[in-house]
Structures are given as structure tokens and as C-alpha cells.
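*Asks:* Take the sequence shown: its position 144, counting from 1, is numbered 195 in this note's numbering, and each next residue is one higher. The beta carbon of each residue, even a glycine, is placed where N, CA and C say it ideally should be. My questions all concern the structure below.
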Amino acid sequence: MVKVYGCRISYFTGKLETYLRFRSMDYECLPTVGNQRRIRAGAGAVQMPVVELEDGRWLSDSTPMIRWFEDQQDAPSIYPETPTLRFVALLVEDYADEWLWRPAMHYRWSYRQDRQYASGAIFDDLLKDRWIPRWLGRRFLTQRQRAGFVRGDGVTRETWDHVERGYLTVLDRLEAIFNQRDFVLGDSPTIADIGLMGPMLRHFGQDPTPAEIMRNRAPRVYEWVARMWNARPGPGTPSLISGIDTALGDLLGEVAETHLAQLRENAVAYAQGAKRYDQVVQGCSYIQVPVSRYRVWCLERLRKEWAELGEDSKSEVRAHLPGTEGAILWEESPSIVPDYDLENRAPFNLGINVFGRGVPPR
């Protein structure tokens with residue numbers, strides 16, 4: 052049985068758990084707090100989640116972890132065989148991991164009822180056996196998360212509406228998709244669905260404010276969250292769509308205008324040695340958001356996947372990506388070297404946090 056170190060309301064722990072449940076893999080959930088020394092020694096950084104295998108090896112980062120677990124399977128893969136759909140699925144996963152993080156953290160820590168729920172749940176899951184009083188622990192958690200992952204990640208009075216619009220838009224795009232089929236690309240989950248469960252399960256589908264919005268605005272998405280949590284592989288080969296249809300194309304347009312735009316500006320800032328940078332996304336100005344070395348690596352991986360596509364697949368995907376933002380995938384500028392996982396050992400390499408030591412630097 053594998054050991055999963057995380058938290059029961061954690062974004063990426065929920066993503067990994069969805070996959071492990073889908074593959075009917077036995078696992079034990081353990082808290083990160085109290086195990087930090089072992090985690091740092093084994094995985095390189097205290098993240099949620101990290102995994103300890105039965106043979107004593109450690110894995111970090113949900114994206115390469117899931118890919119490694121999937122490589123051990125004999126069943127049809129959650130990574131589509133069709134090159135176009137494979138790339139689309141990986142792009143949607145990356146968008147869910149890296150762009151939807153900001154609205155997920157905003158809803159959790161900006162609204163009173165949500166932060167009361169989250170601080171209590173995290174304390175009870177991770178800190179209840181520590182010396183710190185519950186009221187003080189909840190206050191510390193709230194201040195840390197709001198300062199680092201909300202205000203420290205560009206959520207201000209000026210960007211507030213755009214941050215929330217990102218959530219509302221992805222609900223609308225997914226609602227249109229699930230009006231036609233049970234999962235993002237067909238009748239069975241792919242890595243696109245698994246990736247989207249990161250924000251949708253433990254944040255948007257569980258925190259009071261975004262969950263209420265989801266139930267009323269996008270009931271098919273709310274139903275899909277439960278369907279994904281209970282999903283198991285069906286018999287035979289999954290039946291996926293033959294190409295990018297209108298509903299999926301609309302989602303990809305949103306992915307490009309937001310996520311790819313941020314990856315581009317982050318890469319430029321990283322190449323310049325900056326710690327923070329300004330960016331304009333869909334006409335909204337974000338001031339002094341933190342640079343992420345990890346997201347430079349994300350972009351590098353997407354570029355490698357793009358380079359492996361045939362010309363027909365590239366043309367099909369390019370038709371649904373706005374040229375200004377999508378061009379980061381096929382243009383050589385900016386030239387980036389993320390200085391991470393240079394030996395291509397992930398998820399068995401020593402992990403790094405998305406931001407510095409875990410929280411965006413002030």
C-alpha cells in the first residue's frame with residue numbers, strides 16, 4: 052500500500068486521490084505535519100501530496116507521479132492515443148494545475164465563511180495534535196494563506212472580478228462539454244479530467260462559496276465531480292471524440308488567453324532574473340505576481356509535447372488557440388532553461404515548490 056502525505060482538503064492531494072481511486076489502488080493518507088523531516092529527506096520538499104512507495108522510494112509532483120503510475124498499468128491509458136487529443140489533455144491538465152490555482156485560493160481565503168471552514172478543516176487534519184491552540188492555529192493559517200496565495204499572488208481590488216471570472220468561465224465551458232458527453236474527451240476519464248479534479252473537487256466543489264455557484268450555474272459540472280470521484284475503467288477501449296469540437300475549442304481558447312499568457316510572461320521574467328513581474332491577461336493588469344521556476348519547467352514540457360506533434364495535429368490545435376498567446380508553444384522566444392529535473396527523473400527527482408520555499412516571496 053502506498054502512503055500519500057497530504058491533507059484532506061488539498062488541491063493536488065485530491066487530484067492524486069481521484070487517480071488512485073480510478074485505478075483501484077490501495078493507499079493510506081497521512082499528514083505532512085509531523086513528517087516534514089522524512090519528507091524533505093525523501094522527496095526534497097514538503098509538498099501536498101508526496102508519496103512513499105512500499106519499497107521506500109519517494110515520489111513528488113502529482114503530474115509526473117500520475118504519469119509514472121499510469122506507465123505501470125496494462126489497461127488502456129488515461130493519456131489519449133490520438134496525438135491531438137493527447138496534447139489537448141496535457142494542456143488542460145496544466146491549465147487546471149497552474150492557472151485555476153489563483154481563483155481556487157481566492158475563493159477559499161477571501162470569503163469569510165470559506166476561510167472559516169478551510170482553516171478549521173486544515174487545523175483538524177494537520178495540527179490538532181500539536182501544542183498550538185485551535186483558535187491560534189486557525190488564525191495563523193488564515194493570515195499565511197491570504198498573505199501568500201491571495202494578496203501575494205496578484206489578487207487585488209483591481210483584479211478581483213477577473214479572478215472570479217476565470218472560475219465562472221471554466222464552469223460555462225465545462226457545462227457545455229458535459230451537455231454532450233460524460234467526460235472532457237469522451238465516455239471515459241482522461242488526464243484532462245484528472246487534472247481538473249484538482250481545483251474542482253476539494254476547492255470549487257467543496258468550499259461553500261464556489262460550491263454554491265457550481266450547483267446553481269453549472270449543475271452538470273457538479274454532477275461530473277461526483278462521477279469522477281466514483282469513476283472506474285470500463286470494459287474495452289474508451290470511446291473518445293475524433294477531434295476538437297466547438298465546446299472543447301471554446302475551452303482551449305480560454306486556456307490560451309489565461310494560462311498560456313501567464314506562462315509566457317513568467318518565462319520572460321524568469322529569464323531576466325526577476326522575482327516578480329507584471330502581466331496583462333484578458334485586458335486585466337496583474338501587478339507584481341511571483342515568478343515561478345516550476346512553471347518555466349511546465350512550459351518547457353508543453354513545448355516538447357508540441358514539438359512531437361505532426362503537422363496535421365499542430366494545425367488542428369493551432370486553429371483553436373489565439374495566435375498571440377498560443378505562439379509561446381511554437382516560437383523559440385523566450386529561450387528558457389528552468390534548471391529543474393535536468394536528468395529527467397521526475398517524479399523520483401528531488402522536488403521543488405511552485406514558489407520558492409512554498410509561499411510566494413514578499
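Would you check if the distance between the CB atom of proline 289 and the CB atom of tyrosine 218 is smaller than 8 angstroms?
*Replies:* Against a cut-off of 8 angstroms, the Cβ pair of tyrosine 218 and proline 289 comes out as no contact.
*Asks:* Assuming tryptophan 109 is part of the beta strand (DSSP E), what are its boundary residues?
*Replies:* Note, tryptophan 109: beta strand (DSSP E), 109–111.
*Asks:* Determine the DSSP secondary structure at leucine 136, reduced to helix, strand or coil.
*Replies:* In this structure, leucine 136 counts as helix in the three-state DSSP scheme.
*Asks:* In whole angstroms, what is the alpha-carbon distance linking glutamate 149 and glycine 57?
*Replies:* One C-alpha to the other measures close to 18 angstroms.
*Asks:* Looking at C-beta atoms only, is the number of pairs between the segment 92–109 and the segment 150–170 that lie closer than 8 angstroms three or more?
*Replies:* No, the segment 92–109 is not in contact with the segment 150–170.
*Asks:* Quickly, what does DSSP pair proline 82 with across the bridge? List them, please.
*Replies:* Partner(s): Gly57.
*Asks:* Give me the DSSP bridge partner(s) of cysteine 335.
*Replies:* The partner list for cysteine 335 (beta bridge, DSSP) reads Val332.
*Asks:* Pick out whichever of Arg137, Glu274, Asp145 has its Cα sitting closest to the Cα of threonine 114.
*Replies:* Ranking the options by Cα distance to threonine 114, first place goes to Asp145.
*Asks:* Considering only the beta carbon of each residue, do aspartate 165 and aspartate 244 sit closer than 8 angstroms?
*Replies:* The answer is no: Cβ separation not under 8 angstroms.
*Asks:* May I ask you to verify whether the segment 286–306 touches the segment 352–372, counting CB pairs closer than 8 angstroms and requiring at least 3?
*Replies:* The segment 286–306 is in contact with the segment 352–372.
*Asks:* Determine the direct distance from the alpha carbon of arginine 190 to that of glycine 207, and round the result to whole angstroms.
*Replies:* First, the residue type needs correcting, since residue 207 is threonine and not glycine in the sequence shown. Rounded to whole angstroms, threonine 207 to arginine 190 spans 21 angstroms at the Cα level.
*Asks:* Could you check whether proline 286 and tyrosine 158 sit closer than 8 angstroms to each other, using their CB atoms as the reference points?
*Replies:* Result no, Cβ atoms of tyrosine 158 and proline 286 do not sit closer than 8 angstroms.
*Asks:* CA-CA distance, arginine 216 and valine 201?
*Replies:* Rounded to the nearest angstrom, the two C-alpha atoms are 15 angstroms apart.
*Asks:* Beta-carbon separation of leucine 360 and phenylalanine 138 under 8 angstroms?
*Replies:* In this structure, phenylalanine 138 lies closer than 8 angstroms to leucine 360 by Cβ.
*Asks:* DSSP has leucine 103 in a bridge; who is on the other side?
*Replies:* In the sequence under discussion, the amino acid at residue 103 is glutamate, which differs from the leucine named in the question. Glutamate 103 pairs with Lys54, Trp109.
*Asks:* Any chance the segment 314–333 sits against the segment 380–393, with 3 or more Cβ pairs inside 8 angstroms?
*Replies:* Cβ pair count under 8 angstroms is three or more, so yes.
*Asks:* Closer than 8 angstroms is the cut-off here; do at least three beta carbon pairs connect the segment 272–283 with the segment 62–77?
*Replies:* These segments touch.
*Asks:* Mind checking which residues open and close the alpha helix (DSSP H) that includes glycine 40?
*Replies:* Since the first residue of the chain shown is 52 and the last is 413, residue 40 is not available in this structure.
*Asks:* By the DSSP assignment, the alpha helix (DSSP H) with tyrosine 130 in it spans what residues?
*Replies:* It is not in any alpha helix (DSSP H) - tyrosine 130 carries neither H nor E in the DSSP assignment.
*Asks:* How close, in whole Å, do the beta carbons of isoleucine 60 and alanine 169 come, if the pair is a contact with beta carbons under 8 angstroms?
*Replies:* Right, the Cβ-Cβ distance comes to about 6 angstroms (below 8 angstroms), so this counts as a contact.
*Asks:* Name, in chain order, the residues that DSSP records as bridge partners for arginine 327.
*Replies:* Note: arginine 327 sits in a beta bridge opposite Pro341.
*Asks:* Unbroken beta strand (DSSP E) runs of length 3 or more, entirely within the segment 255–333: which are they?
*Replies:* List check, beta strand (DSSP E) in window: 327–332.
*Asks:* Sorted by chain position, which residues of the same chain lie with C-beta nearer than 6 angstroms to glutamine 333's C-beta, five sequence neighbours on each side aside?
*Replies:* Here the set comprises Glu308.
*Asks:* What did DSSP end up calling glycine 93 once you bin it into helix, strand or coil?
*Replies:* Of the three classes helix, strand and coil, the one that applies to glycine 93 here is helix, per DSSP.
*Asks:* Go ahead and pull the three-state DSSP assignment for glycine 203.
*Replies:* Here glycine 203 sits in helix by DSSP.
*Asks:* Have a look at glycine 324 and asparagine 267 and give me their C-alpha separation to the nearest angstrom.
*Replies:* Distance between the alpha carbons of glycine 324 and asparagine 267: 44 angstroms.
*Asks:* Is it true that the CB of leucine 141 sits closer than 8 angstroms to the CB of valine 306?
*Replies:* In this structure, leucine 141 does not lie closer than 8 angstroms to valine 306 by Cβ.
*Asks:* If you count every other CB in all the chains shown that lies within 10 Å of the CB of valine 276, and 16 or more means buried, which is it?
*Replies:* With 16 or more Cβ atoms within 10 Å of its Cβ, valine 276 is classed as buried.
*Asks:* Roughly how many angstroms lie between the CA atoms of arginine 197 and valine 272, to the nearest whole one?
*Replies:* Cα-Cα distance, rounded: 27 angstroms.
*Asks:* What residue does the alpha helix (DSSP H) around tyrosine 158 start on, and which one ends it?
*Replies:* Per DSSP, tyrosine 158 belongs to the alpha helix (DSSP H) from 152–161.
*Asks:* Whose C-alpha, out of Thr83, Asn230, Leu393, is nearest the C-alpha of lysine 179?
*Replies:* The shortest Cα separation from lysine 179 among Thr83, Asn230, Leu393 belongs to Thr83.
*Asks:* Note the first and the last residue of the continuous alpha helix (DSSP H) segment covering tyrosine 62.
*Replies:* Element bounds for tyrosine 62: 62–73.
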